[in-house]
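Colleague: Below you will find the structure I want to go over with you.
Chains as they are written, first to last, in our numbering: chain A, 1 to 618; chain B, 1001 to 1618.
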């Protein structure tokens, strides 16, 4: 079996780093192991229930029913939910596939089979499948509304799920459905056919990965067509202009992502795949320029992306209000996907730093500790007296599911495939990008990682099994870290700075390297143009950003009125609390205790803030 | 003829102040005279053109065409614009009527006649008239979509226009149309009929004013029904919940306005009318509590209301980001209407202060100096590198018209009736609330006001004609003013503090009172909970808030990077510039010149900010 991970560049591609599969990197304990357990035991099973309750499965069944009926379906009104319901099914099936690769499950396999069958049965002879169009329009008028119809978007998630299923099962029903659908797209779209573009990218990433899995260049060509023809300023509709659809400027010419955040980062991730497989340096350079501009001017300290509720969109540069932040969970996921692709391509540590920031803050906040509730929007502040209107969920707390339920299954698939993002490796070495206690087993080498990260900065890597050749062990030293040291197998300790700390040697079984990442409490100050948090500091420790919830403020003080005095700043004390929120390190000051941001709203739902004003003296 | 002003409480009502009509208060020179001239010469004529171009008039003509056709209109698709197109016509007709009352015009009268005829011709025999419903639904399914259909909203503006026309013309076509429509509403809605509520208030104000104009209590009763039954939490639809519709909490129990800002303030204005006419102290108290909570926690320094683009809505308390402020021009207008009603009722100077803040900042910014372009959204900051997407107009500058064109005719009617908001009076005295050079002529008294307000704080009031009785002249001393003095006709100068400075005497022709309102440049600091402008100051002088535009920054400094040093603060210098922006007082510092906020975006459209960060020392 080849590499069973989320992104597998072809042998012809020239990435700097080669991914390891999910099965090659196992997380055995600690925070991420807990999250993966909950994902398996709670979230993924809930997904199955919700997809039935919300009508996603029934919609596919209806679509199958009317497949052979040329007339208008009698119960077309029985279709439930928005027009992209199928995509939730696909994302969840992708989660199931990765989860089975991670740790097999008969139950999940039979769910995969059942839902795959529903998709297969709904698919038209020519490869088209979309329950909304098939039910509500009797399958006519396909692609009538490419701008908002999400048909390619649904196909994209179908393909991504099918690739994961193929890596689990080899040939299978979902795989055949996806191939058929992709062939339908190839036959229908492109320079010689329908030259339209779907308003919501994701098909680009999907087609490149399908090319990787099959070697068929027509998929890569179509992905390239979709990427290259975007940016003509023609996609508009439902009151949205080309900016919203990442269509104002071409990918190559974009300076910083704009418009709908999820669309923008999905497109960038797909273009990153393309740049790698086509060895397209100028496209790659454009994407990296965008990444760095985005992280410098449009990203919250939590990693969150998207400042505006209106259009679920990026704001202007430095428009980063914490209270009305949108920071959709899916945008964090898309950014992780983008960064991972560019990390593989370049080996640039900044992408790994970015993934860490996202994973442990603005992504992980998207799911409750219990795994059964989700944030779509990840605000950095909730005020006292906030009005809990229907859809302003930072005020209402995490929800069980959504009318637009993109985020929950996206969280599930990401946590299931998480170990695929931790390490890379090839003959020349092994690179650890994210830290979790676990094992890496790959091409005759086995390493054990022992750590309490992110609660503690000590990371021990022991080489258990190795061949007798020289290879390099690279350990990421995060950009937030000052004073890191590396102790080599000979017991030599040396200071290491941000980047990758490398140890090259002929390894012996039992060799151990220890990375020490000091984690003092830090106070982060924003760029001066971020008006919304002027005069404030965010508390951080290690990779984690902290939040102060009203329930952790001493006395009658409102969290809105909290300030950070010079005394407080000097006395911010980290403390491991094993009984709190599944075990976490809190940071205590004179008047409050802060908890990791991703854990907020797991006890009560109330006022909260990440940015604390400095007390004004004099 | 009675009082020809915008709000005329009945004789049975017990307002503290009695309005004077538009014809009784004439503005003769200065800023507002210029604006009224431009309104007459440019804006109102443009309105006529736009209403033809956009299809508003044609929609009414289509409606007339299908009035007698029981079938489905063949060219129903010929209807143009959104479903509330009629309301723009009505607001513009109201502007025309007030304008003719202010200074008669044969041209405007014939426009009034022409459009009135179109409305009359479109009206159904039973009084119903709504071009959208009549054309697109053949008049069927009236009130099918009360939540978003704006049918009562259109009726409300029809009635308001008709009241203005009635004050101009007495009985006339528009008046009869409105009476007929109102009778239709009375026959259709209420506790014994359809108990639904329109999603967009305004009908409440309109029905009370119609009651005042006719003495028919059924209109007042229906207004009361609409006010009293709102707040049951039942109005929802199109993704909006009761909060959006001011329906989460009853008017009596609301603590601070929430949801869609224009809806909320229109409702409060209508409820204010009701409270006065029904002598309902508890309702009045609820409204005043809301006003003061709103101005304390949800109002921008420009008077602007509504922090969120999403839902055009109020934010939570203290959520007042300057860059993404919505601050719709119509919300400023609605707030002026609300405040005026409560000012009449209570005589509380805070309402007059609030009107001044709104009029000279967040309202007047809504129209260009040239009178031919309009802001719907009145942001307090535009960043460098802001992306000019289609509907983010603070970045694009004022627009000629809008798909949803509520604001332009609303500006026109407000400027036309402006003199109605300046003064009140009765036997006991005359009260001046807003200052403009002009004449007040009322019940045998005539006063001349000489002033360069708002550019200069000296206000001279000369009594030209008077009877021999004692009466009191009250002059508002604005809350922003420190060190005001009043010089009485005997030449006695005394310090006066915020509130009303009164002079009671037996006046003689030629008696003169001089109010001196010192106008040093001030720096305004926001409440500490307004995170978005922490560490900043807004420049103000007199009633005007200032803005710094990129074009007025010295050298290559971006307005985004501007700070206010201790040196700057000490050296802020006001200067009258007769050739700039129609003549205005600028405020100059070492590195920039600030212009009155309402005048921004009249030269170039570019980065701008109202709130300036203090330079951080040390």
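Glycine included, C-beta positions come from ideal geometry on N, C-alpha and C.
Could you tell me whether the Cβ of residue 1618 (chain B) comes closer than 8 Å to any Cβ of chain A?
Modeller: Legend: pLDDT at residue 1618 (chain B) = 47, less than 50; position of this residue unreliable, no value from coordinates given.
Colleague: My output table needs one value for residue 1481 (chain B): the three-state DSSP class, helix, strand or coil.
Modeller: Residue state, collapsed to three classes: coil.
Colleague: Can you list, in chain order, the residues of its chain whose CB lies under 6 Å from that of residue 1611 (chain B), leaving out five sequence neighbours each side?
Modeller: Cβ neighbours of residue 1611 (chain B) beyond the five flanking positions: 1322, 1533, 1536, 1538.
Colleague: Can you grab the Cα-Cα spacing for the pair residue 1066 (chain B) / residue 1081 (chain B), in whole Å?
Modeller: Looking at the two C-alpha atoms, the distance is approximately 18 Å.
Colleague: Can you tell which of A:99, A:94, A:494, A:496 has its C-alpha closest to the C-alpha of residue 155 (chain A)?
Modeller: When only C-alpha atoms are compared, the closest one is A:94.
Colleague: If you measure between the beta carbons of residue 247 (chain A) and residue 1389 (chain B), is that distance less than 8 Å?
Modeller: No, the Cβ-Cβ distance between residue 247 (chain A) and residue 1389 (chain B) is not below 8 Å.
Colleague: Is it buried or exposed, residue 573 (chain A), if we count other Cβ atoms within 10 angstroms and call 16 or more buried?
Modeller: Exposed, by the Cβ-count rule.
Colleague: Find the residues of chain B that neighbour residue 529 (chain A), judging by a C-beta separation of less than 9 Å, and give them in chain order.
Modeller: Neighbours of residue 529 (chain A) on chain B, chain order: 1383, 1384, 1558, 1560, 1561.
Colleague: Taking Cβ positions only, does residue 1243 (chain B) come closer than 8 Å to chain A?
Modeller: For residue 1243 (chain B), the answer is yes, since a Cβ of chain A falls inside 8 Å of its Cβ.
Colleague: In chain B, what lies closer than 8 Å to residue 319 (chain A) by C-beta?
Modeller: Those are 1323, 1324, 1383, listed as they occur along chain B.
Colleague: From what residue to what residue does the alpha helix (DSSP H) around residue 1121 (chain B) run?
Modeller: First-last of the alpha helix (DSSP H) with residue 1121 (chain B): 1106-1122.
Colleague: Should the stretch 584-592 of chain A be called in touch with the stretch 337-352 of chain A, which here means at least 3 C-beta pairs below 8 Å?
Modeller: Because the criterion of three Cβ pairs below 8 Å is not met, the stretch 584-592 of chain A and the stretch 337-352 of chain A do not touch.
Colleague: Residue 324 (chain A) by DSSP, collapsed to three states: which one?
Modeller: Coil at residue 324 (chain A), not helix or strand.
Colleague: Beta-carbon within less than 6 Å of residue 1526 (chain B)'s beta-carbon, same chain only, minus the 5 sequence neighbours each way: which residues are those?
Modeller: Excluding residues within five positions, the ones whose Cβ falls inside 6 Å are 1533.
Colleague: Look at the alpha carbon of residue 1327 (chain B) and the alpha carbon of residue 1362 (chain B), and state the distance between them as a whole number of angstroms.
Modeller: Rounded to whole angstroms, residue 1327 (chain B) to residue 1362 (chain B) spans 7 Å at the Cα level.
Colleague: How big is the Cα-Cα spacing for residue 113 (chain A) and residue 119 (chain A)?
Modeller: The alpha-carbon atoms of residue 113 (chain A) and residue 119 (chain A) are separated by roughly 10 Å.
Colleague: Under 7 Å between beta-carbons, which chain B residues line up against residue 532 (chain A)? List them in chain order, please.
Modeller: Neighbours of residue 532 (chain A) on chain B, chain order: 1321, 1531, 1532.
Colleague: Sorted by chain position, which residues of the same chain lie with C-beta nearer than 7 Å to residue 1333 (chain B)'s C-beta, five sequence neighbours on each side aside?
Modeller: Only 1363, 1410, 1414 meet the Cβ criterion.
Colleague: Using a Cβ-Cβ cut-off of 8 Å, state whether residue 1613 (chain B) counts as contacting chain A.
Modeller: Residue 1613 (chain B) counts as touching chain A.
Colleague: With a CB to CB cut of under 7 Å and the five nearest residues on each side skipped, what residues in its chain are close to residue 1096 (chain B)?
Modeller: Once the five neighbours on either side are set aside, the close Cβ partners of residue 1096 (chain B) are 1044, 1108, 1111, 1112.
Colleague: Quick one: grab the DSSP three-state call for residue 378 (chain A).
Modeller: Looking at residue 378 (chain A) - three-state DSSP - the assignment turns out to be coil, as it is neither helix nor strand.
Colleague: Please classify residue 1352 (chain B): does DSSP put it in a helix, a strand, or coil?
Modeller: Reduced to three states, the DSSP call for residue 1352 (chain B) is helix.
Colleague: Please report the straight-line C-alpha distance between residue 513 (chain A) and residue 207 (chain A), rounded to a whole angstrom.
Modeller: Looking at the two C-alpha atoms, the distance is approximately 40 Å.
Colleague: Give the straight-line distance between the Cα atoms of residue 91 (chain A) and residue 1368 (chain B), rounded to the nearest whole angstrom.
Modeller: Distance between the alpha carbons of residue 91 (chain A) and residue 1368 (chain B) is about 50 Å.
Colleague: Is the shortest distance between the beta-carbon of residue 1 (chain A) and the beta-carbons of chain B less than 8 Å?
Modeller: Caution applies to residue 1 (chain A), whose pLDDT of 43 falls short of 50 and renders its modelled position unreliable; the value that the coordinates give is listed next. Judged by the 8 Å Cβ criterion, residue 1 (chain A) is not in contact with chain B.
Colleague: In whole angstroms, what is the alpha-carbon distance linking residue 441 (chain A) and residue 604 (chain A)?
Modeller: The straight-line gap from Cα to Cα measures roughly 41 Å.
Colleague: Which residues, taken in chain order from the stretch 1252-1266 of chain B, show a beta carbon closer than 7 Å to some beta carbon of chain E?
Modeller: The structure shown has no chain E; the protein chains it does contain are A and B.
Colleague: Tell me which residues share the same chain as residue 1188 (chain B) and place their Cβ nearer than 6 Å to its Cβ, disregarding the 5 neighbours each side in the sequence.
Modeller: Closer than 6 Å at Cβ, skipping near neighbours: 1194.
Colleague: Are the stretch 1054-1062 of chain B and the stretch 1028-1043 of chain B in contact at 8 Å, needing three or more beta carbon pairs?
Modeller: Counting Cβ pairs under 8 Å, fewer than three are found: no touch.
Colleague: So what does DSSP say about residue 85 (chain A), is it helix, strand or coil?
Modeller: Helix.
Colleague: Measuring straight from C-alpha to C-alpha, what distance separates residue 1485 (chain B) and residue 1443 (chain B)?
Modeller: Cα to Cα, the separation comes out at about 28 Å.
Colleague: Anything in the stretch 1287-1316 of chain B with a Cβ closer than 9 Å to a Cβ of chain A? List those residues in chain order, please.
Modeller: Under the 9 Å Cβ criterion, the stretch 1287-1316 of chain B contributes 1297, 1307, 1308, 1309, 1310, 1311, 1313, 1314, 1315, 1316.
Colleague: Can you name the residues of chain A whose CB is closer than 7 Å to the CB of residue 1387 (chain B)?
Modeller: Chain A residues near residue 1387 (chain B): 243, 258, 316.
Colleague: Residue 520 (chain A): buried (16+ other C-beta within 10 angstroms of its C-beta) or exposed?
Modeller: Residue 520 (chain A) should be labelled exposed.
Colleague: So the candidates are B:1568, B:1229, B:1405, B:1324; which of them puts its Cα closest to the Cα of residue 1386 (chain B)?
Modeller: Taking only the C-alpha atoms, the option nearest residue 1386 (chain B) is B:1324.
Colleague: Here's the rule I'm using: 16 or more other beta-carbon atoms within 10 Å means buried, otherwise exposed. How should residue 371 (chain A) be labelled?
Modeller: With 16 or more Cβ atoms within 10 Å of its Cβ, residue 371 (chain A) is classed as buried.
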